[in-house]
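Number of protein chains: 2
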Amino acid sequence: MSPAGAPLTHPTREMPANSNALIRRLQSLSRLTPTERSALWELLHAWEWVPAGAVIEREGDCSGAIHALLAGLACRHKDFRDGRRQIIAILFPGDLSRNLGGAARPTDHHVRALTRAKVVRIALHHLEAVIEANPGIERALHTATIVEGAVLRAWIVNLGQRQAHERLAHLFCEIAHRMANCDLSRPDGSFELPLTQKELGAALGLTSVHVNRVLQKLRAEALVEFDNGVLRIREMERLRGIANFDPAYLSNWGHGQAP
Amino acid sequence: MSPAGAPLTHPTREMPANSNALIRRLQSLSRLTPTERSALWELLHAWEWVPAGAVIEREGDCSGAIHALLAGLACRHKDFRDGRRQIIAILFPGDLSRNLGGAARPTDHHVRALTRAKVVRIALHHLEAVIEANPGIERALHTATIVEGAVLRAWIVNLGQRQAHERLAHLFCEIAHRMANCDLSRPDGSFELPLTQKELGAALGLTSVHVNRVLQKLRAEALVEFDNGVLRIREMERLRGIANFDPAYLSNWGHGQAP
DNA sequence: CGGTTGATTGAGGCTGCTCAAAAGGTGTGG
DNA sequence: CCACACCTTTTGAGCAGCCTCAATCAACCG
């Protein structure tokens, strides 16, 4: 809890680095020096809460800023004119709205808060200046981009090859692992997941009606409980078997430190 | 053909940089100095041809090397034990088997030649040394990663929301644009695309039987011709309309130079 | 010529969609 | 406190997109 303030020059007593989701994330991807941690900390103090449903970044935006999610859940999604919506990715605390290096391009999708969310806007020139002085941060950000790419590929496989119940099972497995990585799981393994069935459908390429029926089947087989925005996976092993889920893609073996 | 052992002081007459697909690609993503171009050239002289179907990189591989595709087509794909296969991405000349920074992790999918392909293996430590001396190369590689991410997101939308005929139309549009970017289109806009209907199905999450029927419909409406491994889009505008295709995600506006 | 691979066609069936309506929950205003 | 609107979940009936299985045809190759 307390900052573990090992002074280099003298990293402030005010920097509870471990309480910041982005710093925690980057630290798990690549080692950060105390200087780098405090440089990050400087970027992140002007956060604010936004309500569920708020648009964090609009499609077409090229305002020269990126946003970091510090608490809550968000998603990337693309809307069609006829009402179809695809959720492309789910963002957890510590995720960024854009990848470094692509920040100058207009975004091709919306980023939206799925829950009340703690968000900080980071001006691009500001971030670049910090990176300039702290190459370790750049390395960590690029590693984050790599892991995100692996998740996108897993989603493609999920949408392309699996049937509805396998698809939902896989999504639940992924979310459970990422929740645990963010320390958002309760002791019994359950966690808050305030997604509607419509939103699950938008992530899975299914209608909310069908999600409902599939969910009932998973419930009936005592695999999961999902009520009141809380998901509890009762039999992870069987669920993993159904989904053919392998969590390797979510971690960063090989580079930096392992979780 | 000949390795062009150029001293980096004088940018040799032997370096037809524009004849190398990777150099051309990176150049289009970010400006490269002559020194950087020749440093890249050094990395790429030991290429070889591999036959169609050859595995370029195996799932689970962590050999400390990445592969660059210099000619031909390749794909990333994931296989299930029961025979299902999803093609996750199509690689064009100038694409890499892995993203820089993730090269030390074991790959989570196969990379396979779709046609006879010109491939060069690049040892990781070698690449890192070159990047160390030429930061412009690193920037270009990261931009390539960003663009690749945009393509993955477009595939997720395609698989999740579009019906078979829209899906196929979208894939054809994407391929046509990327072919043109690689100067692989003929004057009449047609190009070689030696994919089987089974492979198209594996990319689109459809069976080859259904791909066949959808293809017939597109043909019947005079939208495309697809015979003998050659695709010709006869009415790009209408095809784009069906697919709801917007090519913006394939380019790199904002950073470096525009195509 | 037989063997193999890919394209094509047909019949039938299942998964997941559409349309519709009812039930449960929540917040708002009278 | 109730009435009302609104959203989400749930359920049902019918349909359609896509799959499965199977067979035929065409091209290529040793």
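From first to last, the protein sequence lines are chains S and Y. Every letter in the first sequence is one number past the one before it in the working numbering, and letter 231, counting from 1, is 221. Every letter in the second sequence is one number past the one before it in the working numbering, and letter 98, counting from 1, is 88. Backbone N, C-alpha and C define an ideal beta-carbon position, used for all residues, glycine too.
Start and end residues, alpha helix (DSSP H) containing residue i
i, result
"Arg203(Y)", "Ser198 to Ala210"
"His116(Y)", "Leu114 to Ala123"
"Arg228(S)", "Met226 to Ala233"
"Arg176(Y)", "Careful: Arg176(Y) lies outside any alpha helix (DSSP H) and carries neither H nor E."
"Ser241(Y)", "Counting along the chain, Ser241(Y) falls outside any alpha helix (DSSP H), and DSSP gives it neither H nor E."
"Leu12(S)", "Ala11 to Leu19"
Inter-residue spacing [alpha-carbon to alpha-carbon] between residue i and residue j
i, j, result
"Phe162(Y)", "Leu240(Y)", "14 Å"
"Ala93(S)", "Val101(Y)", "29 Å"
"Ala238(S)", "Ala58(S)", "25 Å"
"Thr153(S)", "Leu194(S)", "Looking at the sequence provided, one finds Gln at residue 153(S) rather than Thr. Distance between the alpha carbons of Gln153(S) and Leu194(S): 10 Å."
"Leu16(Y)", "Ala134(Y)", "7 Å"
"His245(S)", "Asp51(Y)", "Per-residue confidence for His245(S) stands at a pLDDT of 48, beneath the threshold of 50, marking its modelled position as unreliable; the derived number appears in the next sentence. So the two alpha carbons sit approximately 15 Å from each other."
"Ala11(S)", "Ala55(S)", "19 Å"
"Arg176(Y)", "Ala61(Y)", "16 Å"
"Leu258(S)", "Asp85(Y)", "With chain S covering -9 to 249 only, the question about residue 258(S) has no answer from this structure."
"Arg27(S)", "Gly43(S)", "31 Å"
"Val214(Y)", "Gly231(Y)", "14 Å"
"Gln76(S)", "His35(Y)", "43 Å"
"Glu164(Y)", "Arg88(S)", "23 Å"
"Val204(S)", "Asp217(S)", "14 Å"
"Thr97(Y)", "Arg48(Y)", "7 Å"
"Val141(Y)", "Ala212(S)", "38 Å"
"Pro41(S)", "Val201(S)", "25 Å"
"Ala29(Y)", "Arg71(Y)", "42 Å"
"Trp145(Y)", "Met226(S)", "29 Å"
"Leu22(Y)", "Cys172(Y)", "18 Å"
"Ala119(Y)", "Glu128(Y)", "11 Å"
"Trp39(Y)", "Ser53(S)", "45 Å"
"Val45(S)", "Gln206(Y)", "42 Å"
"Phe235(S)", "Arg74(Y)", "15 Å"
"Arg66(S)", "Ser9(S)", "25 Å"
Proximity of residue i and residue j at Cβ, strictly below 9 Å
i, j, result
"Ala159(S)", "Leu208(S)", "yes"
"Val252(Y)", "Lys188(S)", "Given that chain Y is displayed from residue -9 to residue 249, the structure contains no residue 252(Y) and the question cannot be resolved."
"Phe181(S)", "Leu229(S)", "no"
"Thr25(S)", "Asn124(S)", "yes"
"Ser20(S)", "Gly126(S)", "yes"
"Trp37(Y)", "Ile13(Y)", "no"
"Ile121(Y)", "Asn242(Y)", "no"
"Leu90(S)", "Leu131(S)", "yes"
"Ala79(Y)", "Glu156(Y)", "no"
"Gly150(Y)", "Leu185(Y)", "no"
"Ala107(Y)", "Ala170(Y)", "no"
"Leu33(S)", "His167(S)", "no"
"Arg111(Y)", "His99(S)", "no"
"Pro83(S)", "Leu183(S)", "no"
"Gly191(Y)", "Ile223(Y)", "no"
Residues that residue i bridges to, as DSSP identifies them
i, result
"His100(Y)", "His67(Y)"
"Ala107(S)", "Val40(S)"
"Glu189(Y)", "Glu189(Y) is not bridged to any residue."
"Arg222(Y)", "Glu215(Y)"
"Glu182(Y)", "Val220(Y)"
Scan the segment 128 to 171 of chain S and note each continuous alpha helix (DSSP H) run of 4 residues or more that stays entirely inside, going in chain order.
154 to 171
What are the start and end residues of each continuous beta strand (DSSP E) run of 3 or more residues lying completely inside the segment 31 to 86 of chain S, in chain order?
38 to 40, 45 to 47, 55 to 61, 64 to 69 and 75 to 81
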